[in-house]
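Numbering (our numbering), first residue to last: 234 to 291.
For reference, the structure is listed below as structure tokens.
See below:
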């Protein structure tokens, strides 16, 4: 998990959570609880047979 922003009260905070997996057709589910925002989910191939799924919430 990586957290960006929030240095001052009222600043936008971005939370990024990712994990590696091996099956693009049966991706793991990533959820963040207790933090409101808008989600973007990206699934990218890192190398042959290895994928990275990333949830970005702003």
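Each residue gets a CB set at the ideal place from its N, CA and C atoms; glycine is no exception.
These numbers were taken from a predicted model, which means no experiment stands behind them.
What is the C-beta distance between residue i and residue j, in whole angstroms, given that I count them as a contact (C-beta under 8 Å)?
i           : j           : result
residue 287 : residue 249 : 6 Å
residue 291 : residue 270 : 5 Å
Sorted by chain position, which residues of the same chain lie with C-beta nearer than 6 Å to residue i's C-beta, five sequence neighbours on each side aside?
i           : result
residue 235 : 249
residue 289 : 249, 273
Which residues bound the beta strand (DSSP E) around residue i?
i           : result
residue 241 : No beta strand (DSSP E) holds residue 241; DSSP gives it neither H nor E.
residue 272 : 272-280
residue 265 : Looking at the DSSP string, residue 265 is not in any beta strand (DSSP E), and its letter there is neither H nor E.
residue 289 : 283-290
If you check the beta carbons only, do residue i and residue j fall under 7 Å apart?
i           : j           : result
residue 284 : residue 261 : no
residue 292 : residue 245 : With the chain running from 234 to 291 in the structure shown, residue 292 is simply not present.
Only counting the same chain, and skipping five residues up and downstream in sequence, which positions put a Cβ closer than 7 Å to that of residue i?
i           : result
residue 278 : 284
residue 268 : 248, 290
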